[in-house]
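Reviewing the structure listed below.
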Amino acid sequence: MEREPNPEESEKLLQAPESPPMEAKSATDAGGKNDQAFRLFLLFMMTAQNTSVILVTRYTRVVSKNEDLYNINDIVMITEVGKLVLAAALEHKYTNGHLLRSIRENIFEQPLDFFRILIPSLLYLLQNSVLYIAISNLTAPMFQVTYQCKLLTTAIVSVVMLQRRYNLKQWICLTLLGIGVAVVVLGASEGGKKARDGGDKTDSADDQNLFAGLVAVTVACLCSAFAGVYFEKVLKHSTNDGGHARAPVSMWMRNVQMAFFSICIAMVNMYREYGDRGYTGETDADDNPVPKPFMHGFTAWAWAIVALQAGGGMLVAAVIKYADNVLKGMATGVSVATGTFFSMFLFGTTLSMQFGIGSVMILASVYFFSNDLPASCTGGAKNKAKVETEMKPMLPK
Numbered sequence: 001m002e003r004e005p006n007p008e009e010s011e012k013l014l015q016a017p018e019s020p021p022m023e024a025k026s027a028t029d030a031g032g033k034n035d036q037a038f039r040l041f042l043l044f045m046m047t048a049q050n051t052s053v054i055l056v057t058r059y060t061r062v063v064s065k066n067e068d069l070y071n072i073n074d075i076v077m078i079t080e081v082g083k084l085v086l087a088a089a090l091e092h093k094y095t096n097g098h099l100l101r102s103i104r105e106n107i108f109e110q111p112l113d114f115f116r117i118l119i120p121s122l123l124y125l126l127q128n129s130v131l132y133i134a135i136s137n138l139t140a141p142m143f144q145v146t147y148q149c150k151l152l153t154t155a156i157v158s159v160v161m162l163q164r165r166y167n168l169k170q171w172i173c174l175t176l177l178g179i180g181v182a183v184v185v186l187g188a189s190e191g192g193k194k195a196r197d198g199g200d201k202t203d204s205a206d207d208q209n210l211f212a213g214l215v216a217v218t219v220a221c222l223c224s225a226f227a228g229v230y231f232e233k234v235l236k237h238s239t240n241d242g243g244h245a246r247a248p249v250s251m252w253m254r255n256v257q258m259a260f261f262s263i264c265i266a267m268v269n270m271y272r273e274y275g276d277r278g279y280t281g282e283t284d285a286d287d288n289p290v291p292k293p294f295m296h297g298f299t300a301w302a303w304a305i306v307a308l309q310a311g312g313g314m315l316v317a318a319v320i321k322y323a324d325n326v327l328k329g330m331a332t333g334v335s336v337a338t339g340t341f342f343s344m345f346l347f348g349t350t351l352s353m354q355f356g357i358g359s360v361m362i363l364a365s366v367y368f369f370s371n372d373l374p375a376s377c378t379g380g381a382k383n384k385a386k387v388e389t390e391m392k393p394m395l396p397k
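Note that the UniProt record's numbering gives residue 170 to position 170 of the sequence shown, counting from 1, and the numbers run on in steps of one.
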């Protein structure tokens, strides 16, 4: 007959933690290694995407004649269509084939929530448009470095809209970032003068306007900050369903909604600016110049830009939901370094000492600021399970 444990023994049994089996530990270790490998994969892909978009866009606008160049609105339009297709495919896989039901529940049955996405759609569309202006008027490394000011603007907007608080170390990093950008601008101006004196055809004053490029970068940073913070607020807060809170809509469905609005806006822009599309260099029967038709100048390089931008939109979503801001900061820094390296060979860009010093200051500021972000920026542990489930459509099998 078995002896019943006394109360003291029972209490010890209840308090003693049960050791997990060796198989469970091995599975946990393997899962951690897989997560780390996927994070490194995202870092590599985001770095490659950022660098490739800048270099390919710059290359197409340097080597093409004006009459053979694609229209920016056409690129934006086709890119948003590509994002819509990709996001819909990921949502289809995420919902196990119930894409139509997800569209009905999150669009037709929630029209007010659906139209909330119109705001970041407008801002992102404006951002993409002015980025092409910035890239056309700035050298590749200067654009990549000055565009990092979006971290500063995003931090300020986060304080205003999300009531976030940053420590002294982070504000020092932001200050150094601003100083570094100023040093970079001075270095680029000096490099531009040397290029003009040396006859550098790719970075000459005839092809570029420094002031226009800097204004375009500033507008892009502001658009990125407001759109990103607003989109984050929409993603992380539950929606209202007849007075009852419901779970946040998936990242992929939000991208479907945003792409839909972006396509509508791009179509309006194309119609409004039809007369300013430029001309092909040919004339019609009445000897009038022929305007560029839709998708004029869409070479293989133009399609490469579309693919990179469309895939990049989904990649950013993956980084936001699956990884964290440390990964984003590291990817940004690495892309600046790689973009600078390749631009010296592809475009003969001249880099000054000031440019190098400013670049180091900016990269260091971006890394140390991103490495100490508040926990609220990444959603915390409570969203980890949802993030991993939402990322299944993109995880390698």
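Idealized CB from N, CA, C, for every residue including glycine. All figures in this text were calculated on a predicted structure; none of them were measured in a lab.
{"Check": "Distance, R101 Cα to T146 Cα", "Outcome": "43 Å"}
{"Check": "P248 versus Q148: straight-line alpha-carbon distance, rounded", "Outcome": "30 Å"}
{"Check": "Alpha carbon of T302 to alpha carbon of P111, nearest angstrom", "Outcome": "For the record, residue 302 in the displayed sequence is Ala; it is not Thr. One C-alpha to the other measures close to 35 Å."}
{"Check": "Inter-residue Cα distance where the pair is H296 and V76", "Outcome": "13 Å"}
{"Check": "Counterpart residues of P120 in DSSP-defined beta bridges", "Outcome": "None, per the DSSP bridge assignment."}
{"Check": "Segments of 4+ residues assigned as alpha helix (DSSP H) that fall wholly inside the region 56 to 106", "Outcome": "72 to 94, 99 to 103"}
{"Check": "Reduced DSSP category for P291 - H, G, I as helix; E, B as strand; rest coil", "Outcome": "strand"}
{"Check": "C-beta atoms of L86 and M251 nearer than 7 Å", "Outcome": "no"}
{"Check": "Beta carbon of A331 nearer than 7 Å to that of M46", "Outcome": "yes"}
{"Check": "Span separating the alpha-carbon of I362 from that of G213", "Outcome": "19 Å"}
{"Check": "The region 255 to 264 contacting the region 115 to 124, beta-carbon criterion three pairs below 8 Å", "Outcome": "yes"}
{"Check": "Assumed close pair G358, Q49 - CB separation to whole angstroms, cut-off 8 Å", "Outcome": "Contact doesn't hold; Cβ gap of about 24 Å is too wide."}
{"Check": "Alpha helix (DSSP H) segment containing N209, residue limits", "Outcome": "Unbroken run through N209: none, as it is neither H nor E."}
{"Check": "Counted within 10 angstroms of its Cβ, other Cβ atoms place P293 as buried (16 or more) or exposed", "Outcome": "exposed"}
{"Check": "Helix, strand or coil at G348 according to DSSP, with G and I counted as helix", "Outcome": "coil"}
{"Check": "For I107 and N209, the rounded distance between their alpha carbons", "Outcome": "43 Å"}
{"Check": "Length of the line joining the Cα atoms of I272 and V229", "Outcome": "The sequence as given places Arg at residue 272; Ile does not occur at that position. The alpha-carbon atoms of R272 and V229 are separated by roughly 29 Å."}
{"Check": "Counted within 10 angstroms of its Cβ, other Cβ atoms place R254 as buried (16 or more) or exposed", "Outcome": "buried"}
{"Check": "Where F143 falls, given that 16 or more other Cβ within 10 Å makes a residue buried", "Outcome": "buried"}
{"Check": "C-alpha gap between A140 and L55, whole angstroms", "Outcome": "7 Å"}
{"Check": "Residue of M161, R165, L125, H92 minimising C-alpha distance to M270", "Outcome": "L125"}
{"Check": "Beta-carbon proximity of G82 to V360, cut-off 7 Å", "Outcome": "no"}
{"Check": "Cβ distance (whole Å) where F298 is taken to contact Y132 below 8 Å", "Outcome": "Their Cβ separation, rounded to whole angstroms, is 15 Å, which puts F298 and Y132 out of contact at 8 Å."}
{"Check": "Counted within 10 angstroms of its Cβ, other Cβ atoms place L168 as buried (16 or more) or exposed", "Outcome": "exposed"}
{"Check": "Neighbourhood of A227 by C-beta distance below 6 Å, restricted to the same chain and skipping five residues each side", "Outcome": "P120, L123, Y124"}
{"Check": "Residue burial classification, D206 (beta-carbon count within 10 angstroms, cutoff 16)", "Outcome": "Unreliable positioning characterises D206 in this predicted model, as indicated by a pLDDT of 48, which lies under 50. A coordinate reading is not provided."}
{"Check": "Secondary structure of Q127, DSSP reduced to three states", "Outcome": "helix"}
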